[in-house]
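Sequential numbering from 1295 applies to the sequence shown in my numbering. Worksheet: the structure to be examined is printed underneath.
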Amino acid sequence: MAQKKKIWEAVIHGMFLILGLITVGCVLLITVYLVISGIPAIRKIGLGAFLTGKVWESTAAQPHYGILPFILTSVYGTAGAIVLGVPVGFLVYLSKVAPKGVKRALNSAVSLLAGIPSVVYGLVGMLVLVPAIRKTFHLPDGASLLAAILVLAVMILPSIIKVSVTALDAVPKEYEDASLALGATPIETYFRVSVPAAKSGIAAAVVLGVGRAIGEAMAVMMVSGNVSNMPTSIFESVRFLTTAVASEMAYSGPGSLQRQALFSIALVLYLFILLINASLNFFLKRDKEGD
């Protein structure tokens, strides 16, 4: 019996090891493919001109391939979505204060939001949010950076809420009991003890939210206007890194500089996400060592 158990454990261990190696291999293959496909355009255009250029005219007689508007739009859009989509007060309420019935209902609503396809978010935003912004602010067109930020904020809510609430629920009750025994109020305890104790889980939720926001294409394409403008105002039509690739890849010629430049945009986006994850992991590790 013990021998069979050891064999079974070895089989399971081997399966997980193989799956882990496959995952790492897929990431490496994607990295190598993006580098091979994206470097040629950067060499031809020039790294400085590509990253800091303010004009993107890939189909003009004299094409320009500057992606600075796309980079800034993606940064502003993701930052705005995170600011609106990380409701710490709501997370504390849902985890610590809400009655069981309310908590169950809200969890069901959050799960329902997570199952809605991104194209539906984009469609609702295009038919409801964009006209509302146009009428409210008296604009010629409501498709804008503001509309994209609002849609992205709603889209990242489910992943942020699920992971953050799980982290808050996992905080040992002894921490809160000790704070209450020292005279702190329940609200002070939740915000000054529970939230700091769960900061690693909340940070992981923010990483998931950033990945979802910066990698979204279809929904933001439908509400942002998809125009390569510099994001000088939240009411201006803009284009994200993801929508630049999605909107032009279909009609770019195989082997053309335009297609190579689109792969270069994908490479920049990929490195951008890796940089965000690495930076957050670095700061979290430093905080743990400091504690």
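Glycine residues also receive a C-beta, built at the ideal position from the N, C-alpha and C atoms.
Per DSSP, L1406 is one residue of the alpha helix (DSSP H) stretching across 1394-1408.
The stretch 1307-1381 is shown to contain no whole beta strand (DSSP E) run of 3 or more residues. In the structure shown, V1532 falls within a strand segment according to DSSP collapsed to helix, strand and coil.
DSSP, read as helix, strand or coil, puts G1383 in helix. Between the stretch 1398-1407 and the stretch 1497-1514, the count of Cβ pairs shorter than 8 Å is below three; the stretches do not touch.
A residue is called buried once 16 or more other Cβ atoms fall within 10 Å of its Cβ, and E1351, having fewer, is exposed.
If you look at G1477, you'll find it isn't in any alpha helix (DSSP H); DSSP assigns it neither H nor E. In this structure, I1443 keeps its C-beta atom at 8 Å or more from the C-beta atom of L1362. A direct Cα-to-Cα measurement between F1566 and F1557 gives close to 14 Å. DSSP places G1519 in the strand class (E or B) of the three-state scheme. In this structure, the straight-line span from the alpha carbon of D1463 to that of V1380 is close to 17 Å.
The beta-carbon separation of I1312 and A1555, rounded to 37 Å, does not stay under the 8 Å limit for a contact. Where S1458 is concerned, the enclosing alpha helix (DSSP H) starts and stops at 1439-1463. Straight across, the Cα-Cα distance linking P1452 with I1410 is about 10 Å.
The alpha carbon of V1457 has as its nearest neighbour, out of L1322, Y1484, L1388, the alpha carbon of L1388.
Residues of the same chain with a CB within less than 7 Å of the CB of V1459, apart from the 5 flanking positions on each side, are L1385, L1388, S1389 in chain order. In terms of CA proximity to I1455, K1397 leads the group K1397, G1371, A1560.
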